[in-house]
Structures are given as structure tokens and as C-alpha cells.
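Novice: Here the protein sequences line up with chains D and S, keeping their order.
Quick note: the first sequence uses this note's numbering, first residue 1, plus one each step.
Quick note: the second sequence uses this note's numbering, first residue 1001, plus one each step.
All C-beta atoms in this analysis are idealised placements derived from N, C-alpha and C, irrespective of residue type, glycine included.
Below you will find the structure I want to go over with you.
There are 2 protein chains.
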Amino acid sequence: MQNKKILIVEDESRMRRLISDYLKKEGYSTLEADNGKKAIDVFEDTNIDLIILDIMLPEYDGWTVCRKIREISSVPIILLTARSEESDELFGFELGADEYITKPFSPKILVARVKTLLKRVYSSSKNILSFNGLLIDDSAHKVFVNDVEIVLTPKEYELLSFLAENPEIALSRETISTKVWGYDYFGDLRTVDTHIKRLRIKLGTQSHFIQTVRGVGYRFEVQK
Amino acid sequence: MQNKKILIVEDESRMRRLISDYLKKEGYSTLEADNGKKAIDVFEDTNIDLIILDIMLPEYDGWTVCRKIREISSVPIILLTARSEESDELFGFELGADEYITKPFSPKILVARVKTLLKRVYSSSKNILSFNGLLIDDSAHKVFVNDVEIVLTPKEYELLSFLAENPEIALSRETISTKVWGYDYFGDLRTVDTHIKRLRIKLGTQSHFIQTVRGVGYRFEVQK
DNA sequence: TATGTTAGACACAAAACTGTCACACTGAGC
DNA sequence: GCTCAGTGTGACAGTTTTGTGTCTAACATA
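So, in C-alpha cells, the structure goes:
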């Protein structure tokens, strides 16, 4: 649960700093954006685990950002607002926000909600992704195929994790490249293929987890 | 998302009735318990999808019920409390509650939270086109005929998606060609026919979805 | 510095897909 | 029935996409 990446979208730098400090103290890493446009850019280029989103923002308000992000992702979103009107809150939920916190709020409450939300969304309280014949222990950074550990290089591990965290979704080479290599990587997309090849070799009899989606990319497939 | 079973644990019958009415109006079914012991009994005997749990209860308070249920299940829990102390809220989250609502609350807010929580927990918010005997899962880029996956080539998939997204409409070869192959494609219109043929073969017993409209093109027909 | 490992690129091989065409078939109109 | 325009279909070759072996550079390690 540690080391999750949290994007803080807030135009007031003092508030941003405050939230960021509290979260870092809890072991999360944070990214910041001071307007809605930047928020969406950062989100598309990075593998964000949770978003804290202020409503009052320059360049797309929070509602808009929330809606746009919900079109492409189900990442958990916490809305922050100065107003505490019920209709606002209802509107936020309609747009797909997961939590709604009214300013002024206690940082402790915020941290608690972040924790709960991450826990609910990302784990059954463990950092282990377990499939039939394949186990990824993120805490230990170890992977087991048929209960035998296989040793992966960092990139191989990141790639496998990313795939396994998005099961049953056809992922394009571009998406994979952006999320695993980073938004600033402009290398050959076929590099993804090369790493897929290496992963498949190491997965051996369980390579069926990685399916090719012709014309698109790859898909992590759970059922045999 | 409808027809989910919600357990309301609350000792005041008026409040129980109020919540129950609101939820039923939204299409949920409700069960009620007026103390903690009964709540746990009911939960163990029934397939509950969400619990609304008051803190002040005879026979095990809400904290205890929450803890006991968390030992055996990860069902979503919303805590209700008259107090609004921060420490209480934090304690609730520690115990594994998913939401925390302070009385007095607006029933609308409650319903909104129930909805969001259910959606988050039970739906994968996927892009799925579903017909009787045919299912197109766009996220996974998979197609099922009578619950058996069929593997389509990229063009076949695009063509089927386009047809299925425009049901009951006679689509000319030109329209199909423009939308599926792109406006700058100037190949033989009969190519569409060839792909329709291939699709029909793969659809097997469900090929009736694709009807020929003589002199025009094809139509995706939903009813058998 | 020597050695071993990892990452990225690339070319070629292998596999899969696509468009075209010719011919068969169908059905509507006469 | 016959005609004919429109549609169905099988075959095939060219094209596209993916798989894979290998090379080089970067990097870490001792």
C-alpha cells in the first residue's frame, strides 16, 4: 500500500504543500498540478494511483477534470471543496468521485480517507497479486510461477505488474510504453514487444497470461 | 447495479423505515435489524451487498459489529453516527468502514453514497455491448458468441463493433466503408461483403444479427 | 578495468490479415 | 421460365503485424 503515487490538483501552493507533506509523511509519493489542464496531462503520462482534486481551479474546473478522467480511468478521486452545499456533493458523486471533503478539513481525516480508499481499491489488504499458477508479491518484489520463484529484471517486473494490475483490458503499446517507461520515453514501440518476449520466456508454461491483441497490443488474461 | 440487498442496522424504527423507503425507491431491496446481534445473524444467513450501520445500538455497538463483519467479509459498510467527532471517524476507518455519515444527514446524500459505493465495489465500469447470445467487451477487445469467445481479426472486430453500435439501421456499403476503413479509403466496396462473410462464419448460430438489406447494404438486427 | 547484466534497437522470419477477383447463387421483375 | 443486378463465397497473393535472435551501449559490480 505504500509507495502509491498521489496526484494533488490544487491551485493554492500553500494548500498543495500542506497536503503533500502529510501524505509524504505516510510514505506516499506525490505529484502536483496547479490547474486542470496540467492535471490531465500529468495523469495521462504517469501511473497515478489516486487523485485529490480541488473544485476551484483555473483551466478546467474540478468537475470537468473529474469527468474527463472518468472517461479513461477508474482511478479513485477525492474532491475538495470550499462550499459544503449538498447539491455540489451530489453532483460530485454523479460525476464518479469517490470521496467528497469539505474545506476546512483536518489533514488527519484526509490521510485517513486516502488510506481507506487506496485499501479498498487496490488490495484485499495485501500487496499480492495472485493468479492460478502465477503470484506477484509486490512487497517482496518477487514473482512465482507454479510456486517457483523466477527472477525478473526491473523492467520485466514493472511490465508484468502493470499488465497484471489491468487484467482483461486490451492495452495498446502506446499505453504500456507511457505507463511503464514514462511519458518522456520516445523510443521504439517495438521495444515493448521485446520485453514481452522476454517475459513470456520467463513465464514458461504460464505465458498464456500474456495474450497478443492483434492490431492493438497485449492483454493480461486471467482465465486459462 | 439494481436489486442489490442492503442491510440497515438501526434501533430507531422511524429512522430505519425512512432509510429503507428511500433505498427501495431507488430499486434496492432492504433488510433490517434493530440490534447488533441480529445484524450479524442476518448477515451470516443472507447474501448482503452493503450494510448501513448505526453506531449506537443495543447488543453489540456499531464498532463491534463492524469489526466482527470485517473478520469474515469485505462487504461495503457505511457507518452512521450522531456524534461528529474526528476521532470517531478515524476509528471507523481503522475498523474498515468504507463511509462515515454524521447525523443528521440528508437521505439524498445517503442514497448517493450508497450508489457510488456499490458502483465502485461491484461494477468494473466496462464498455460492454450485450445482446442475446452475443457480447462485445470493448475494454478487453473480446467477443463472445453463446458465452464462448470467438477470435476476430482487427477489421472484423471494427466492423462488428460499428454494426453493433448502430443497431436497427440499414447501413450502406459506403457508410460502412467510410466509418470502418476511413474516409480516405477508395478500395472496392465489395470488400465489405467479404468481411461480412467472414464475420457471419465466425458468428455461427448468431449470424442472424447481420441482415442483408438488398440494394443498400447491411443492418445489425437485435431481435431474433 | 574487466566482467556480467540489462535495455533498447533492429533486421529478418513467421504468422496473420486483407483486398481482389472470379464464379456461384439468389431473388425480383418480366 | 428467363434475365440481370445484386449478393455470397472460395482462393490466393501481397501486405501488415508480430515473434525472435542478436548486436551494441549503458550500467552496475567487484
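Could you tell me whether any Cβ in chain D is nearer than 8 Å to the Cβ of Thr1102 (chain S)?
Specialist: No, no contact with chain D.
Novice: What are the residues that DSSP puts in a beta bridge with Tyr218 (chain D)?
Specialist: Paired residues: D:Leu171, D:Thr212.
Novice: Taking 8 Å as the cut-off, does the stretch 1141 to 1153 of chain S touch the stretch 1194 to 1207 of chain S (at least 3 CB pairs, one atom from each stretch)?
Specialist: Output reads yes: the stretch 1141 to 1153 of chain S touches the stretch 1194 to 1207 of chain S.
Novice: Leaving out five residues before and five after Pro1107 (chain S) in sequence, what residues of the same chain have Cβ atoms less than 8 Å from its Cβ?
Specialist: Closer than 8 Å at Cβ, skipping near neighbours: Leu1018, Ile1019, Tyr1022.
Novice: Could you have a look at Ser130 (chain D) and say whether DSSP puts it in helix, strand or coil?
Specialist: Ser130 (chain D) falls in the strand class under three-state DSSP.
Novice: Could you name the residues of the same chain whose beta carbon sits closer than 6 Å to that of Asp34 (chain D), not counting the 5 residues immediately before and after it, in chain order?
Specialist: Once the five neighbours on either side are set aside, the close Cβ partners of Asp34 (chain D) are Asp11.
Novice: When you check each C-beta in the stretch 30 to 56 of chain D against every C-beta of chain S, which residues fall closer than 7 Å?
Specialist: Residues: none.
Novice: Please say whether Thr1030 (chain S) and Ile1051 (chain S) have beta carbons closer to each other than 8 Å?
Specialist: Not closer than 8 Å, so no.
Novice: By a C-beta neighbour count over all protein chains shown, 10 Å radius and 16 as the cutoff for buried, is Glu1044 (chain S) buried or exposed?
Specialist: Looking at its Cβ environment, which holds fewer than 16 other Cβ atoms inside 10 Å, Glu1044 (chain S) is exposed.
Novice: Compile a chain-ordered list of the residues in the stretch 1189 to 1215 of chain S whose CB is closer than 8 Å to at least one CB of chain D.
Specialist: For the stretch 1189 to 1215 of chain S, which is checked against every Cβ of chain D, not one residue is closer than 8 Å.
Novice: Work out the CA separation of Lys155 (chain D) and Arg198 (chain D) for me, nearest whole Å.
Specialist: Roughly 10 Å between the two C-alpha positions.
Novice: Within 8 Å of any Cβ in chain D, is that where the Cβ of Pro1058 (chain S) sits?
Specialist: Taking Cβ atoms only, chain D never reaches closer than 8 Å to Pro1058 (chain S), which makes this a no.
Novice: Name, going along the chain, the residues of the stretch 157 to 183 of chain D whose beta-carbon falls closer than 7 Å to a beta-carbon of chain S.
Specialist: So the close ones are Glu168, Ile169, Ala170.
Novice: Is it right to say Ser124 (chain D) is buried, meaning 16 or more other beta carbons lie within 10 angstroms of its own, or is it exposed?
Specialist: With a pLDDT of only 45 at Ser124 (chain D), under 50, the local geometry of the prediction cannot be trusted, and no value is derived from it.
Novice: On the DSSP bridge list, what partners appear for Leu53 (chain D)?
Specialist: BP columns for Leu53 (chain D) point to D:Val9, D:Leu79.
Novice: Just to confirm my understanding: we take Glu1032 (chain S), look at its own chain, exclude 5 residues before and 5 after, and list those with CB closer than 7 Å. What are they?
Specialist: The residues are Ile1008, Arg1016, Ser1020.
Novice: Suppose the cutoff is 8 Å on Cβ atoms and the five residues either side in sequence are ignored; what does the same chain contact list for Gln211 (chain D) look like?
Specialist: So the qualifying residues of the chain are Tyr218, Arg219, Phe220, Glu221.
Novice: Cutting at 6 Å between CB atoms, please list the residues of its own chain near Ala1082 (chain S), excluding the five before and the five after it.
Specialist: Cβ within range, chain order: Lys1103.
Novice: If you draw a straight line from the alpha carbon of Lys1115 (chain S) to that of Arg113 (chain D), how long is it in whole angstroms?
Specialist: If you take the alpha carbons of Lys1115 (chain S) and Arg113 (chain D), they lie about 18 Å apart.
Novice: Nearest-angstrom Cα distance between Lys1025 (chain S) and Val1111 (chain S)?
Specialist: When rounded, the distance between both Cα atoms is 10 Å.
Novice: Does Ile6 (chain D) get closer than 8 Å to chain S when you measure Cβ to Cβ?
Specialist: Judged by the 8 Å Cβ criterion, Ile6 (chain D) is not in contact with chain S.
Novice: For Pro1107 (chain S) and chain D, any beta-carbon pair shorter than 8 Å?
Specialist: For Pro1107 (chain S), the answer is no, since every Cβ of chain D falls outside 8 Å of its Cβ.
Novice: Using a 10 Å radius around the Cβ and a threshold of 16 neighbouring Cβ atoms, would you call Val65 (chain D) buried or exposed?
Specialist: Val65 (chain D) should be labelled buried.
Novice: What does DSSP give as the partner residue(s) for Thr1030 (chain S) in the beta ladder?
Specialist: DSSP, once it has assigned bridges, lists S:Ile1006 as partnering Thr1030 (chain S).
Novice: Determine whether the Cβ of Thr116 (chain D) lies closer than 8 Å to any Cβ atom of chain S.
Specialist: Thr116 (chain D) counts as touching chain S.
Novice: So what does DSSP say about Ser125 (chain D), is it helix, strand or coil?
Specialist: Because Ser125 (chain D) sits at a pLDDT of 43, beneath the cut-off of 50, its placement in the model cannot be relied upon, and the following sentence gives the value as read from the coordinates. DSSP places Ser125 (chain D) in coil when its eight states are reduced to three.
Novice: Put Asp193 (chain D) into one of helix, strand or coil per three-state DSSP.
Specialist: Residue state, collapsed to three classes: helix.
Novice: With 7 Å as the limit, tell me which residues of the stretch 1140 to 1152 of chain S have their beta carbon closer than that to any beta carbon of chain D; keep them in chain order.
Specialist: Answer set for the stretch 1140 to 1152 of chain S: Ala1140, His1141.
Novice: Ignore the nearest five residues each way along the sequence and tell me which others in Ile196 (chain D)'s own chain have a CB closer than 7 Å to its CB.
Specialist: The answer, listed in chain order, is Ile210, Tyr218.
Novice: Considering only residues of the same chain and omitting the five flanking positions on each side of Ala1170 (chain S), which have a CB-CB separation below 7 Å?
Specialist: Contacts found: Val1213, Val1216, Gly1217, Arg1219.
Novice: When you compare only the Cα positions, how much space is there between Trp1063 (chain S) and Val1075 (chain S)?
Specialist: So the alpha carbons of these two residues sit roughly 15 Å apart.
Novice: Can you tell me where the alpha helix (DSSP H) with Ile40 (chain D) in it begins and where it stops?
Specialist: Its alpha helix (DSSP H) spans residues 36 to 45.
Novice: If I'm right that Ile136 (chain D) touches Ala97 (chain D) with Cβ under 8 Å, what's the distance once you round it to whole angstroms?
Specialist: About 30 Å separates the two Cβ atoms, so there is no contact after all.
Novice: Provide the residue span of the beta strand (DSSP E) that contains Glu59 (chain D), from first to last.
Specialist: Glu59 (chain D) -> no beta strand (DSSP E), and no H or E assigned at all.
Novice: Thinking C-alpha only, which one of D:Thr191, D:Thr178, D:Leu53, D:Leu159 is nearest Tyr100 (chain D)?
Specialist: Among D:Thr191, D:Thr178, D:Leu53, D:Leu159, the Cα nearest to that of Tyr100 (chain D) belongs to D:Leu53.
Novice: For chain S, find out if any of its Cβ atoms is closer than 8 Å to the Cβ of Ser124 (chain D); answer yes or no.
Specialist: Any answer about Ser124 (chain D) is weak, because its pLDDT of 45 lies below 50 and its placement is not dependable; what the coordinates show is given next. With 8 Å as the cut-off, Ser124 (chain D) counts as an interface residue toward chain S.
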